[in-house]
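Visitor: One structure, pasted below without further comment.
Number of protein chains: 2
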Amino acid sequence: MTLSQLRTFALVARLGSLHAAALALGISEPAVSAALAALRKDLDDPLFVRTGSGISFTAGGRRLAARADEIVGLAEQLRREVGEAGTAIASLRVVASPAFEEHAAGALLETFTRRTPGSRVQLDVRSGSGFTPSLIWRSADIALGPRPQAVADVVLDVVPFLRYQRIVVASPAHPLARSGARVPLAVLLSHPWLTGPAGVEELTEEGRWLVQQDRQPDLVRLPSEREALAAAEAGEGVMLALAAVAREALRGGKLVRLDVEGTPVAGLWCASTLSLGRASAGARLLQRFVTTPEASAAMLAPRARKVRRPGSAVHVTLWSSPKAGTAFRSRAEPGPDGP
Amino acid sequence: MTLSQLRTFALVARLGSLHAAALALGISEPAVSAALAALRKDLDDPLFVRTGSGISFTAGGRRLAARADEIVGLAEQLRREVGEAGTAIASLRVVASPAFEEHAAGALLETFTRRTPGSRVQLDVRSGSGFTPSLIWRSADIALGPRPQAVADVVLDVVPFLRYQRIVVASPAHPLARSGARVPLAVLLSHPWLTGPAGVEELTEEGRWLVQQDRQPDLVRLPSEREALAAAEAGEGVMLALAAVAREALRGGKLVRLDVEGTPVAGLWCASTLSLGRASAGARLLQRFVTTPEASAAMLAPRARKVRRPGSAVHVTLWSSPKAGTAFRSRAEPGPDGP
DNA sequence: GATGCCGATAACCATTGGGTTATGAGGCGC
DNA sequence: GCGCCTCATAACCCAATGGTTATCGGCATC
């Protein structure tokens, strides 16, 4: 039983297929098969059996899948800890949803790092569906954004710390805005929606609200929600915007709220870590910090589009693509499946 | 980084010496050195440095030592879980101190297994100093007896559940018993003490009480505390006996209590498991059970020397030697270092 | 300064791990 | 019946692991 074998099995268990795991690992499929064969022999359990189309796991296989993740994750954490043991500073790796990153992460993490000297924060952005895997595999210490998806045998500490509301807004000049009357959902859904880069994320409250509708709107993804809001002001479409962010434009009359059934959609942002002593000390520190008045004040403070100050301890590393193969659509050149 | 390397390093960290670890593993010392060299290279940390007499660990090495135990332990647990996943029954491995095993474990575990159908309990006996390693390495799910030694970076759930008292007893015919006056410690310590097979364990309250005395008595180890008690009744020496066990003989006049400073020595028996979700379900079950009135009643019930009934679900596997190389000393033939 | 203890290293060997390509074998859809 | 997808197996390769014995080197201790 080697760590590599456990890693391979965990991936197979998650993907449900040797072929897919081989692709994901960038190795041939017999290599995966061999690793599993070694595990089977070592543990004296078939772990899984072939079914018509794919595999199904034995009881032992399911146990293994849950534990393998844990062991591999611990090994990853170990490698990091040893590497950092010399340096006094602890680096904290945060994964955040696109929306949270854009609207709150900067202020929150700046405040946190200012308050805890010697801390270094690395911010990674990915959709909420990636939260749990990131935590399990120890590629992140804490996840900020929507409540992560529950996964069997993985226990998370989820601390809700910020409410938000999303409302439908549009320019006063927009056709749907002129009447001032309630807008039927069917009508709203037939118009293109302006969104941030991630569209409307499935794991959020607004995502669940949207998917339960009969039809799905065309989403026009812009590089940020603020740009989507600007586009809405320019009359280019409707937007399911954060109430707090749109407030100023609403007051200034540049946007109006559309009266849509089911809105405002209320959601919660949470700080999630591995539970049961598996979270890093820094993660627990930040998880406690997010609920403090100081943190709330920092996130809620209205602010100009703040350029992240140079020399900041917060470093944004990458924007994961919200969906593989989904490029940003330009407003001027709608794609082939556009309106 | 392989599990074997982690195991080796954990042992070296615990024993503080490559040589000792090599002996313990039954391999040559260069093999240990090579394993550590591989780890050092892989983790890019020296892990430890040579000092005049032995080694001392770097910060990274200390981190690694703590985590390595955890990972190796998880892997052990995993191997067991997978093996048992098919069978519905969960087997619970209990490690108990010699004294607890003799006086309370039987009644407790019989009651527990009767109450929880399908459970199977395996009982291992070793001194309290072996509790923490047994739990860490997952060779036991729960430890019953004195509070385990604290080890850095290992968090245990310790639940005290039974008080006991030890008093000094002797036959009424014993020289020290005839006067009825208080017996000075110095006098008592110059007489041989009858004990169970483990002597007076260091990690217990009575052990701590004893080691703080100026001199240590000669211990005459008998195969069980009950036999030691019988020997005391026969006038063969004094004994630091459990008050509850000696009560009957005291009432019957076969034994008298000696008035000794510091006695009765009060101690606590605890049920200890790994904390933070690392304990098995069965272990938590038993840990909760020990504090119930039902469990207390079973343990406190005065009973004849009960032969473990055949077909019992409780299986005692082995008596670890209380001290390496320490054989039971016959009463008739005291050893070369005897009085 | 000679002696020992203890860890590091060298030289060597067998086994395993992890990878490839090529091929086999079973079930599902058409 | 045919192809296709999926996993298993075979044959082969290289590198790493884990083990040995023999030797070297630093540092206490006497």
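Those protein sequence lines, which keep their order, are chains F and U. Counted from 1, the first sequence has number 129 at position 129 by my numbering; the numbering is strictly sequential. Take any residue in the second sequence, note its place counting from 1, add 1000, and you have its number in my numbering. Built from N, CA and C at the ideal position, the CB exists for glycine as well. Since the structure is predicted, the reported quantities are computational estimates derived from the model, not experimental observations.
#1: So residue 1083 of chain U contacts chain F; which residues on that side make the cut at Cβ distance below 9 Å?
#2: Between the C-alpha atoms of residue 300 of chain F and residue 176 of chain F, what's the straight-line distance to the nearest angstrom?
#3: Along the alpha helix (DSSP H) that carries residue 1039 of chain U, what are the first and last residues, could you check?
#4: Is there a Cβ from chain U that is less than 8 Å from the Cβ of residue 138 of chain F?
#5: Starting from the beta carbon of residue 277 of chain F, find every residue of chain U whose beta carbon is closer than 9 Å, and list them in chain order.
#6: Could you give the uninterrupted runs of the alpha helix (DSSP H) lying entirely in the stretch 94-150 of chain F, keeping only those of 4 residues or more?
#7: Going by beta-carbon coordinates alone, are residue 1159 of chain U and residue 1271 of chain U separated by less than 8 Å?
#8: How big is the Cα-Cα spacing for residue 1263 of chain U and residue 1283 of chain U?
#9: Roughly how far, in whole angstroms, is the beta-carbon of residue 228 of chain F from the beta-carbon of residue 195 of chain F, given that I think they are within contact range, below 8 Å?
#10: For a contact defined as C-beta to C-beta under 8 Å, what are the partners of residue 284 of chain F on chain U?
#11: Between which residues of its own chain and residue 94 of chain F is the CB-CB distance below 8 Å, once the five residues before and five after are set aside?
#12: Evaluate contact between the stretch 56-68 of chain F and the stretch 30-38 of chain F, counting only Cβ atoms and requiring at least three cross-stretch pairs below 8 Å.
#13: Report the CB separation of residue 1166 of chain U from residue 1241 of chain U in whole angstroms; it is logged as a contact under 8 Å.
#14: Could you tell me which residues DSSP pairs with residue 1239 of chain U in its beta bridges?
#15: If distances are taken between C-alpha atoms only, which option among F:115, F:118, F:146 comes closest to residue 130 of chain F?
#16: With a threshold of 16 other CB atoms inside 10 Å of the CB of residue 87 of chain F, please say whether the residue is buried or exposed.
#17: What do you reckon, are the CB atoms on residue 25 of chain F and residue 11 of chain F nearer than 8 Å?
#18: Taking the beta strand (DSSP E) that residue 1268 of chain U falls in, what are its first and last residues?
#19: Across which residues does DSSP place residue 1156 of chain U in a beta bridge pair?
#20: Could you give the DSSP three-state label for residue 73 of chain F: helix, strand or coil?
#21: Determine whether the beta carbon atoms of residue 245 of chain F and residue 168 of chain F lie at a separation below 8 Å.
#22: Taking the C-alpha atoms as reference points, what is the distance between residue 1256 of chain U and residue 1198 of chain U?
#23: DSSP state of residue 245 of chain F, grouped into three classes?
#24: Give the C-beta separation of residue 1134 of chain U and residue 1126 of chain U to the nearest angstrom, bearing in mind that I take them to be a contact with Cβ-Cβ under 8 Å.
#25: Would you check if the distance between the CB atom of residue 156 of chain F and the CB atom of residue 268 of chain F is smaller than 8 Å?
#26: With DSSP run on the structure shown, which of helix, strand or coil describes residue 1221 of chain U?
#27: What residues of chain F sit near residue 1070 of chain U, judged by a beta carbon separation below 7 Å?
#28: Let me check understanding here. Comparing Cα to Cα, which of U:1215, U:1051, U:1231 lies closest to residue 1221 of chain U?
#29: Pick from U:1162, U:1128, U:1161: whose alpha carbon is nearest that of residue 1150 of chain U?
#30: Under 6 Å Cβ to Cβ from residue 174 of chain F, same chain only, skipping five residues before and after it: list those, please.
#31: So residue 71 of chain F packs on residue 1078 of chain U, CB below 8 Å; how close in whole Å?
#32: Please report whether the beta-carbon of residue 162 of chain F lies at a distance below 8 Å from any beta-carbon of chain U.
#33: Buried or exposed for residue 375 of chain F, going by 16 or more other Cβ atoms inside 10 Å?
#34: Given that residue 8 of chain F touches chain U, what residues does it touch there, using C-beta distances under 8 Å?
#35: Does residue 1179 of chain U pass the burial test, meaning 16 or more other C-beta atoms within 10 Å, or should it be called exposed?
Guide: Considering the structure as presented:
#1: 43, 44, 45, 60
#2: 30 Å
#3: 1029-1043
#4: no
#5: 1155, 1275, 1276, 1277, 1278
#6: 106-115, 131-136
#7: yes
#8: Here the C-alpha atom of residue 1263 of chain U lies approximately 34 Å from the C-alpha atom of residue 1283 of chain U.
#9: 6 Å
#10: Residues of chain U passing the Cβ test: none, with the nearest at roughly 13 Å.
#11: 105, 109, 121, 122, 123, 124, 140, 141, 142, 143, 144, 286
#12: no
#13: 6 Å
#14: Its beta-bridge partners are U:1169, U:1194.
#15: F:146
#16: exposed
#17: yes
#18: Run containing residue 1268 of chain U: 1265-1274, per the beta strand (DSSP E) assignment.
#19: U:1274
#20: Three-state DSSP puts residue 73 of chain F in a helix.
#21: Not in contact: residue 245 of chain F and residue 168 of chain F (Cβ atoms no closer than 8 Å).
#22: 23 Å
#23: helix
#24: 7 Å
#25: no
#26: Residue 1221 of chain U carries a strand assignment under DSSP once its states are collapsed to helix, strand and coil.
#27: 74
#28: U:1231
#29: U:1128
#30: 235
#31: Between residue 1078 of chain U and residue 71 of chain F the Cβ distance is about 7 Å, and since that is below 8 Å, they are a contact.
#32: no
#33: There is no way to answer for residue 375 of chain F, as the model of chain F reaches only from 1 to 339.
#34: Chain U residues near residue 8 of chain F: none, gap ~15 Å exceeds 8 Å.
#35: Answer is exposed; the Cβ neighbour count stays below 16.
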